[in-house]
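Quick notes on the structure that follows.
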Amino acid sequence: MSVDNKKKQLFKLLFAAAWLDGKIHQNEREYLHRMVRENALAEDEDIKLLLTEMKPIQSEQCYQWLEEYLGKNPSEQDYQELLESLSGIIYVDNDIAVQESQFLTYLQTLEANKSIFNQVLRSIQKLYLKAMAYAEK
4 MSVDNKKKQL
14 FKLLFAAAWL
24 DGKIHQNERE
34 YLHRMVRENA
44 LAEDEDIKLL
54 LTEMKPIQSE
64 QCYQWLEEYL
74 GKNPSEQDYQ
84 ELLESLSGII
94 YVDNDIAVQE
104 SQFLTYLQTL
114 EANKSIFNQV
124 LRSIQKLYLK
134 AMAYAEK
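Residue numbers (my numbering): 4 to 140.
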């Protein structure tokens with residue numbers, strides 16, 4: 004995925020996260036507009052449409068965009084960067100709604116599951132290598 008597309012996906016996800024509590028607060032709006040400027044996304048038609056705030060983003064869409072953003076094999080660094088970005092938009096209004104908290108918890112759960120999966124996979128790989136070494140003797 005290109006860097007520009009990744010930035011656009013991240014913005015869409017942050018925008019959807021801002022809608023989780025049912026409205027975009029002024030601090031969230033300012034944060035999103037600053038992000039658009041800093042990442043040179045202001046000319047993108049999809050981004051322009053989102054910034055009009057004419058159509059609220061449903062929570063299901065937010066979760067879908069999360070999975071699209073992470074893809075099938077995200078790294079621990081991907082999770083950490085995303086968690087930092089999402090925390091920024093969620094905490095900027097000094098009011099953590101239940102829906103926002105649940106979303107962060109869901110992301111942390113995905114990260115934990117991925118870590119456990121990686122640990123199990125590494126263990127299986129080690130056992131396989133030991134078995135192969137033993138078989139060669």
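Just so you know, even glycine gets a beta-carbon here, dropped at the ideal spot from N, CA and C.
Residue burial classification, residue i (beta-carbon count within 10 angstroms, cutoff 16)
i, result
"Ile50", "buried"
"Lys58", "exposed"
"Tyr109", "exposed"
"Glu103", "buried"
"Leu23", "buried"
"Asp7", "exposed"
"Leu2", "The structure shown has nothing for residue 2, since the chain only spans 4 to 140."
"Ala19", "buried"
Endpoints, the alpha helix (DSSP H) within which residue i is located
i, result
"Trp22", "Taken as a continuous stretch (DSSP letters only), Trp22 belongs to no alpha helix (DSSP H), as it is neither H nor E."
"His36", "29-41"
"Ile60", "Looking at the DSSP string, Ile60 is not in any alpha helix (DSSP H), and its letter there is neither H nor E."
"Ser88", "79-94"
"Ile99", "Neither: Ile99 is in no alpha helix (DSSP H) and is coded neither H nor E."
"Glu48", "48-54"
Selection from the options that minimises the alpha carbon distance to residue i
i, options, result
"Asp81", "Ala19, Glu103, Leu113, Ile27", "Leu113"
"Leu16", "His28, Glu56, Asp24, Ser88", "Ser88"
"His28", "Phe106, Glu48, Tyr66, Ala100", "Ala100"
"Phe14", "Asn30, Leu54, Lys26, Gly25", "Leu54"
"Asp98", "Ala21, Gln61, Lys10", "Ala21"
"Glu31", "Glu56, Lys10, Lys9", "Glu56"
Check: Does the count of Cβ pairs from the region 32-50 and the region 69-87 closer than 8 Å reach three?
Finding: no
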